[in-house]
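Since the structure comes first, as structure tokens, the remarks are kept for the end.
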Amino acid sequence: MIDFSCKHDIWIDNGDGTFSRMDEPYFKSWKLADGVWRVLSSGDWSYLVEGDDEALAIDSGYGAGNIRAYMQTLTDKPVRRIANTHDHFDHTANNSYFEMVYMAEASVPLATRPFPSFAGIDFPRDYPVTVLQNGDIIPLKGRDLQAFLIPDHAVGSMAYLDRKGRILFSGDEFMGGRKHINGGLTSWLHSLERLEAVRSEFDVLYGGAFTVPGEVVDKMLKAVRIGIETGGEPMRGGPGGPGGPGGPKFGPRFTENGEKLYDRMMPHFEDMKHDGMRADPAAMRKVVFEDVEIIFDANKIND
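In case it helps, the working numbering puts the sequence shown at residues 3 to 305.
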């Protein structure tokens, strides 16, 4: 068991009017479809997908407690393996509870590296890893998942297509209909085209913090093509993202007794990047297509 006891004096706001100590295991789940569950511990959502003979986890959160053992209470099929959508700590912290971890090659050196607010806790990184390439199949009898490399939010981002459930598990690459593209437009276009090739086989995207309809992929693909063709429109008032010009500001929270307080699904204050935009704000452009907006760096259109 990963020992969170050094964080006992920190509270977590569960978002429903209740509060828990940071070292107190907390799990909540929702059944989304036949053989598919969403699980909340702390950090972003995790998922459990059930095949004929066993079940597969997708992402492991960064909360206290054994998430594998909790998932095992949801199904009578053994839960042994997990697939990571990307390397970020709120998706990979608890990988060591599982017997095998699937991830992209670029994620391997980065996964399960603690954010600053978790200093003092030992998170094992010696778990067995199977590296996935674009198009690889994760065998899950009766419900094989296919992996698609879609890096942007993270260098090794992967989406997993569940053809049986008509679901695409998309990690943090699709956060509603607004996308701040970190890399180049052309690179993101290639990722979207991989998904376009199987677009008829999924209806919904289940991500780390958002559920979005499959049509978002179609609209974003159109917006990206418009951006490449036209160069987009200049941004006004900043990108509106966390910590950026014009965006919301995050600060530390404390209880009435002065104890540190985190939100269960929001980034911890110490883990936020406060360097603002990594690009020249004057180079930022946007394209709006129907209810989808993309924001990108005009200097990196062809990257």
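Heads up, the beta-carbon is just placed ideally off N, CA and C, and yes, glycines get one too.
Asked	Found
Would a C-beta distance cut-off of 9 Å place Lys224 and Asp293 closer than the cut-off?	no
In whole angstroms, give me the CA-to-CA distance for Gly137 and Asp124.	34 Å
When you compare the CB positions of Gly63 and Leu42, do they come within less than 9 Å of one another, or not?	yes
The beta strand (DSSP E) spanning Ala161 covers which residue range?	Met160 to Asp164
Along the beta strand (DSSP E) that carries Trp32, what are the first and last residues, could you check?	Lys30 to Ala35
Mind checking Trp47: buried by the 16 CB within 10 Å criterion, or exposed?	buried
If I follow the unbroken alpha helix (DSSP H) through Val110, where does it start and stop?	Segment: none, Val110 is in no alpha helix (DSSP H) and carries neither H nor E.
To the nearest angstrom, report how far apart Gln135 and Pro283 are at their CA atoms.	35 Å
Under 6 Å Cβ to Cβ from Leu142, same chain only, skipping five residues before and after it: list those, please.	Gly53 and Leu58
Helix, strand or coil for His192 per DSSP?	helix
Using only alpha-carbon positions, find the residue among Asp154, Gly260, Asp25 and Tyr208 that is nearest to His182.	Asp154
Use the C-beta contact count for Ile139: other C-beta atoms within 10 angstroms, 16 or more gives buried, fewer gives exposed.	exposed
Starting from the C-beta of Gly206, find all residues in its chain whose C-beta is less than 8 Å away, skip the five residues before and the five after it, and write them out in chain order.	Here residue 206 turns out to be Val, not Gly, going by the sequence shown. Only Arg168, Ile169, Leu170, Thr213, Val214, Pro215 and Gly216 meet the Cβ criterion.
From the DSSP output, in three-state form, read off Ile12 for me.	coil
Using a 10 Å radius around the Cβ and a threshold of 16 neighbouring Cβ atoms, would you call Glu175 buried or exposed?	buried
At 3 residues or longer, what runs of the beta strand (DSSP E) sit wholly inside the stretch 137–186?	147–151, 160–164, 169–173 and 180–182
Looking at the unbroken alpha helix (DSSP H) that takes in Phe91, where does it start and where does it end?	Phe91 to Thr94
Leaving out five residues before and five after Asp15 in sequence, what residues of the same chain have Cβ atoms less than 8 Å from its Cβ?	Phe21, Arg255, Leu263, Tyr264, Asp265 and Arg266
To the nearest angstrom, report how far apart Phe291 and Val218 are at their CA atoms.	10 Å
Rounded to the nearest angstrom, how far is the Cβ of Asp89 from that of Gly158, given a contact under 8 Å?	6 Å
Provide the residue(s) that pair with Met102 in DSSP beta bridges, ordered along the chain.	Arg83
What's the gap between the Cα of Lys33 and the Cα of Thr77?	11 Å
Could you tell me how far apart the beta carbons of Ile296 and Ile230 are, in whole angstroms, since I believe they sit closer than 8 Å?	Contact flag wrong, Cβ pair sits at about 11 Å.
Where do the ends of the alpha helix (DSSP H) carrying Gly229 lie?	Glu217 to Thr232
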